[in-house]
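As structure tokens, the structure follows; a few thoughts come after it.
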Amino acid sequence: MPPSVPIDPKWAIARPQLMDRLTRGANGPLTLVTGAPGAGKTTLVGTRAVARLNHGEPVAWLSGECSTPSRPSGRRWRKNSSGHLWARIIGIIMATISAFANFMFIPYYPVWSIVTVACSVIAIWALCSYNRGNALRDTARY
């Protein structure tokens, strides 16, 4: 099994109904698995990925954010910043769309549009001026 699939199905609880729904959904062009934190999304998708690998089928695992052990004992986990990068990129795109849309509404709602454009510009500036060194230093404490 490739090391990128972050699941060991030996301890996973079997959920045949969810696995059937995931299998049916995987036949479409895109499958989106959503749920609250800790609901078992990664476990479910990882279990399916391992089952496919065991049958010799190809599996690609793409993760926006992964964790790696910061100590050999594996008791503490440090977040990799790849997910943070994609979150910033998406935030910049969303703030840019918001600024552009509100810029078009300036003739109709001048005060609100200018305030929203200003907030979007501040958000873009904050997302672009992210200091990775300080963030890594802060996460090393956890």
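If you're matching positions, the sequence shown starts at 5 in this note's numbering and goes up one per residue. Quick reminder that beta carbons are idealized off the backbone N, C-alpha and C, glycines included. Every value quoted in this text rests on a predicted model; they were computed, and no experiment measured them.
Check this for me: beta carbons of residue i and residue j, under 7 Å apart or not?
i	j	result
L48	L22	yes
V63	A53	yes
Sorted by chain position, which residues of the same chain lie with C-beta nearer than 6 Å to residue i's C-beta, five sequence neighbours on each side aside?
i	result
A99	S124, A127 and I128
N106	S117, T120 and V121
F109	S117
Please state the DSSP three-state secondary structure of residue i.
i	result
G50	helix
V63	coil
R19	coil
G32	coil
S74	Note that S74 has pLDDT 41, beneath the 50 cutoff, so the model's placement of it is unreliable and no number is given.
A122	helix
Between which residues of its own chain and residue i is the CB-CB distance below 8 Å, once the five residues before and five after are set aside?
i	result
P76	Legend: pLDDT at P76 = 42, less than 50; position of this residue unreliable, no value from coordinates given.
Next on the checklist: Tell me whether the region 92 to 102 and the region 56 to 63 touch, counting them as touching only if at least three CB pairs, one residue from each stretch, are closer than 8 Å.
Outcome noted: no
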